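Data first, discussion second: the structure below is written as structure tokens.
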Amino acid sequence: MKRIGVLALQGAVREHVQMLESLGCEAVLIKQSADLEKLDGLVLPGGESTTMRKLLNRYELLEPIRTLAKQGLPMFGTCAGLILLAKELVDYESHLAVMDVVVARNSYGRQVDSFEVKLDIPEIGEAIPAVFIRAPHIVSVGEGVEVLAAHDGKIVLAKDNHLLGCSFHPELTSDARILEYFVSSMV
Amino acid sequence: MKQTGTELVKRGMAEMQKGGVIMDVINAEQAKIAEAAGAVAVMALERVPSDIRKAGGVARMADPRIVEEVMGAVSIPVMAKARIGHIVEARVLEAMGVDYIDESEVLTPADEEFHLLKSDYTVPFVCGCRDLGEAARRIGEGASMLRTKGEPGTGNIVEAVRHIRKVNAQVRKVVGMTEDELMTEAKLLGAPFELLREIKRLGRLPVVNFAAGGVATPADAALMMELGADGVFVGSGIFKSENPEKFARAIVEATTHYKDYKLIAEISKELGVPMKGIDIAQLSQNERMQERGW
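Residue numbers (my numbering), protein chains in the order written: chain A, 5 to 191; chain B, 11 to 304.
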């Protein structure tokens, strides 16, 4: 059974845990660095990236997670998780800075502009529901980074080798195809 | 087709706040302190609840300039309060682009019979509740998030504890019932029948439920998480304490690590004086904000 960590400082932790378990994985809550042992993959959930960053710093999780990412541990960041992974952020200081993408925060406006839409993702499947909540987007990608999906001309799902990041929240829907893609083809 | 303001988009926004602390602020400076401490959102107000108590008179929606100032100061979501049933205050806040509206008993109600039809709005709403009937009626009207009412501005956790225990005990009861018992339960609670069926199917409320109304210390915040709250609102507790920066950080950490008692001991050391509390028994019936709402 694959052991997948879910960063559990704040945000959509329960949803990711349930989805991982429905895919036959063991989900491990990560609250401190000792929890990071023996993982096959790590999910960075949606939530508030500024809050997660403060807590990552205070509990000395930032460096250990960065090291694991550099050692090749597969990671999947959704929304705030993508912001944590990005090498560069527009107008803000970067966090883990491991995924070769430039990300802009709150790209679609405020909560009244948040939306849901169905995306066709050639690599994964058709009509995948995507929920964008005060979502970021990927402004540009580095060499070797695969763009898996775009919406309205903005990149919203990309893969940098063992790192996967999306602007939206697959965990809020009952469609597990993107997470399944991560655990079955990347982990 | 791209759709805004759907139930999923509105409820999802609250799901992203889980495990976090939402702080009352009255200006840009306080908002920045809250964001730096790790708040997941701020509630922009003209006065915190304890000052609303002191001031007396009619409490209304905040001056839009204050809300705007707070929205300009931070990158985290900004919430604001509208009076119960005040359609125009809510529409004004929505038009300004606030991320969440609290239809709040902390303000003087504008309608003593009807709450807002919150499903009509693109912006999501949070509402207070003391029991499952109240919680289910608010969800039925379209609330995307709940919070306990507690007793705002008192620094006394006792009412918030009562409310979260009550709601969760009633949810457990519904989950344990057979289908044929639900209609009578719906009648007794004054709750929509379909919602009780949904609660039974999910095994929990269909929206997140935060604690609010009396959280004054890191231990209070952790207590509410222990009792099953999804997160915590802190009103007067932070900026009425002696050292708001330190207090705000400690409350955020205690909420995340609510079962780590050594850590809570550590962060609670020398925090300075918390807000002065009020014994609920000292409040007259018309001073109890939790009685507002129906």
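Yeah, the Cβ is synthetic: ideal placement off N, Cα and C, and Gly gets one too. This one's a predicted model, so the numbers in the text were calculated from it and none came from an experiment.
Using 10 angstroms around the beta-carbon of residue i, count the other beta-carbons present and answer buried if the total reaches 16, otherwise exposed.
{"i": "A:Arg138", "result": "buried"}
{"i": "B:Val283", "result": "exposed"}
{"i": "B:Phe135", "result": "buried"}
{"i": "B:Gly245", "result": "buried"}
{"i": "B:Met81", "result": "buried"}
{"i": "B:Leu199", "result": "buried"}
{"i": "A:Asp124", "result": "exposed"}
{"i": "B:Ile109", "result": "Note that residue 109 of chain B corresponds to Asp in the displayed sequence, not to Ile. Answer is buried; the Cβ neighbour count reaches 16."}
{"i": "A:Ser118", "result": "buried"}
{"i": "B:Asn219", "result": "buried"}
{"i": "B:Val68", "result": "exposed"}
{"i": "B:Ala231", "result": "buried"}
{"i": "A:Ala134", "result": "buried"}
{"i": "B:Ser154", "result": "buried"}
{"i": "B:Pro254", "result": "buried"}
{"i": "A:Phe136", "result": "buried"}
{"i": "B:Leu127", "result": "exposed"}
{"i": "B:Thr194", "result": "exposed"}
{"i": "A:Pro126", "result": "exposed"}
{"i": "A:Met5", "result": "exposed"}
Does residue i get closer than 9 Å to chain B when you measure Cβ to Cβ?
{"i": "A:Val94", "result": "no"}
{"i": "A:Ile125", "result": "no"}
{"i": "A:Glu52", "result": "yes"}
{"i": "A:Ile69", "result": "no"}
{"i": "A:Gly15", "result": "yes"}
{"i": "A:Cys83", "result": "yes"}
{"i": "A:Phe186", "result": "no"}
{"i": "A:Asp44", "result": "no"}
{"i": "A:Val135", "result": "yes"}
{"i": "A:Glu19", "result": "yes"}
{"i": "A:Ala31", "result": "no"}
{"i": "A:Ala154", "result": "no"}
{"i": "A:Arg7", "result": "no"}
{"i": "A:Ala12", "result": "yes"}
{"i": "A:Pro74", "result": "Reading the sequence as shown, one finds Lys at residue 74 of chain A and not Pro. A:Lys74 does not count as touching chain B."}
{"i": "A:Leu86", "result": "no"}
{"i": "A:Leu48", "result": "no"}
{"i": "A:Leu59", "result": "yes"}
Report yes or no: is there a C-beta of chain A within less than 9 Å of the C-beta of residue i?
{"i": "B:Glu45", "result": "yes"}
{"i": "B:His173", "result": "no"}
{"i": "B:Met235", "result": "no"}
{"i": "B:Leu18", "result": "yes"}
{"i": "B:Ile97", "result": "no"}
{"i": "B:Gln40", "result": "no"}
{"i": "B:Arg207", "result": "no"}
{"i": "B:Gly254", "result": "Going by the sequence as given, residue 254 of chain B is Pro instead of Gly. Not an interface residue."}
{"i": "B:Gln27", "result": "yes"}
{"i": "B:Gln292", "result": "no"}
{"i": "B:Ser278", "result": "no"}
{"i": "B:Lys210", "result": "no"}
{"i": "B:Pro134", "result": "yes"}
{"i": "B:Gln13", "result": "yes"}
{"i": "B:Arg259", "result": "yes"}
{"i": "B:Met299", "result": "no"}
{"i": "B:Gly152", "result": "no"}
{"i": "B:Gly305", "result": "Here chain B covers residues 11 to 304 and nothing more, so residue 305 of chain B does not appear."}
{"i": "B:Glu191", "result": "no"}
{"i": "B:Val262", "result": "yes"}
Are the segment 22-41 of chain A and the segment 27-39 of chain B in contact at 8 Å, needing three or more beta carbon pairs? In this structure the segment 22-41 of chain A does not lie against the segment 27-39 of chain B, because fewer than three pairs of beta carbons, one per stretch, are closer than 8 Å.
The segment 202-211 of chain B touching the segment 172-189 of chain B, judged by at least three CB pairs closer than 8 Å: In this structure the segment 202-211 of chain B touches the segment 172-189 of chain B; the number of beta carbon pairs closer than 8 Å is three or more.
Under 8 Å, with one C-beta from each stretch per pair, do the segment 78-91 of chain B and the segment 42-50 of chain B reach the 3-pair mark? Yes, since at least three Cβ pairs between the segment 78-91 of chain B and the segment 42-50 of chain B fall closer than 8 Å, the two stretches touch.
Identify each residue in the segment 90-121 of chain A for which the Cβ-Cβ distance to at least one residue of chain B is less than 8 Å, and report them in chain order. Within the segment 90-121 of chain A, the residues whose Cβ lies closer than 8 Å to some Cβ of chain B are Tyr96, Arg109, Asn110, Gly113, Arg114, Gln115, Val116, Asp117, Ser118, Phe119, Glu120, Val121, listed in chain order.
What are the uninterrupted segments assigned as beta strand (DSSP E) that are 3 or more residues long and contained completely in the segment 194-279 of chain B, given in chain order? Fully enclosed beta strand (DSSP E) runs of 3 or longer: 218-220, 242-244.
Mind listing, in chain order, the continuous alpha helix (DSSP H) runs of no fewer than 4 residues lying wholly within the segment 58-102 of chain B? Listed in chain order, they are 59-65, 74-83.
Any contact of the segment 154-164 of chain A with the segment 56-66 of chain A, i.e. 3+ C-beta pairs under 8 Å? No, because fewer than three Cβ pairs between the segment 154-164 of chain A and the segment 56-66 of chain A fall closer than 8 Å, the two stretches do not touch.
Could you tell me which uninterrupted beta strand (DSSP E) segments, each at least 3 residues in length, are contained entirely in the segment 41-69 of chain A, listed from first to last along the chain? Counting only runs of 3 or more, we get 45-48.
How do the segment 169-179 of chain A and the segment 78-98 of chain A stand: do at least 3 beta-carbon pairs fall below 8 Å, yes or no? Segments in contact, yes.
Under 7 Å (Cβ pairs) to chain A, residues found in the segment 108-128 of chain B: Legend: CB atoms of the segment 108-128 of chain B lying less than 7 Å from CB atoms of chain A belong to residues Asp109, Tyr110.
Is the segment 95-105 of chain B in contact with the segment 55-64 of chain B, if contact means three or more CB pairs nearer than 8 Å? Judged by Cβ distances under 8 Å, the segment 95-105 of chain B makes no contact with the segment 55-64 of chain B, as fewer than three pairs qualify.
Where the segment 156-187 of chain A meets chain B: residues whose CB sits under 7 Å from a CB there: If the cut-off is 7 Å between Cβ atoms, the segment 156-187 of chain A has His173, Leu176 near chain B.
With a floor of 3 residues, list each beta strand (DSSP E) that falls wholly inside the segment 152-190 of chain A, ordered by position along the chain. With a minimum length of 3 residues, the continuous beta strand (DSSP E) runs that stay inside the segment 152-190 of chain A are 158-164, 167-170.
Would you check if the segment 174-188 of chain A and the segment 21-31 of chain A touch, i.e. whether three or more CB-CB distances between them fall below 8 Å? Touching, yes, given that three or more Cβ pairs across the two stretches are closer than 8 Å.
Runs of alpha helix (DSSP H) wholly within the segment 100-176 of chain B (minimum 4 residues, chain order): Listed in chain order, they are 142-151.
Of the residues that make up the segment 48-60 of chain B, which ones have a beta carbon closer than 8 Å to any beta carbon in chain A? Here the close residues are Gly48, Ala49, Val50, Ala51.
Any residues in the segment 76-88 of chain B with a beta carbon nearer than 7 Å to a beta carbon of chain A? Which ones, in chain order? Listed by position, the residues of the segment 76-88 of chain B near chain A (Cβ gap below 7 Å) are Ser85, Ile86, Pro87.
Every unbroken alpha helix (DSSP H) within the segment 101-145 of chain A, with a cutoff of 4 residues, ordered by chain: Runs of the alpha helix (DSSP H) lying entirely within the segment 101-145 of chain A, each at least 4 residues long, are absent.
Across the segment 249-266 of chain B and the segment 274-294 of chain B, are there enough close Cβ pairs to call them in contact, namely three or more that are closer than 8 Å? Because the criterion of three Cβ pairs below 8 Å is met, the segment 249-266 of chain B and the segment 274-294 of chain B touch.
Below 8 Å, can you find three or more Cβ-Cβ pairs linking the segment 100-108 of chain B to the segment 125-134 of chain B? Touching, yes, given that three or more Cβ pairs across the two stretches are closer than 8 Å.
Check whether the segment 265-274 of chain B and the segment 136-143 of chain B touch, using three or more Cβ-Cβ pairs below 8 Å as the test. Contact between the segment 265-274 of chain B and the segment 136-143 of chain B is absent, because fewer than three Cβ pairs lie under 8 Å.
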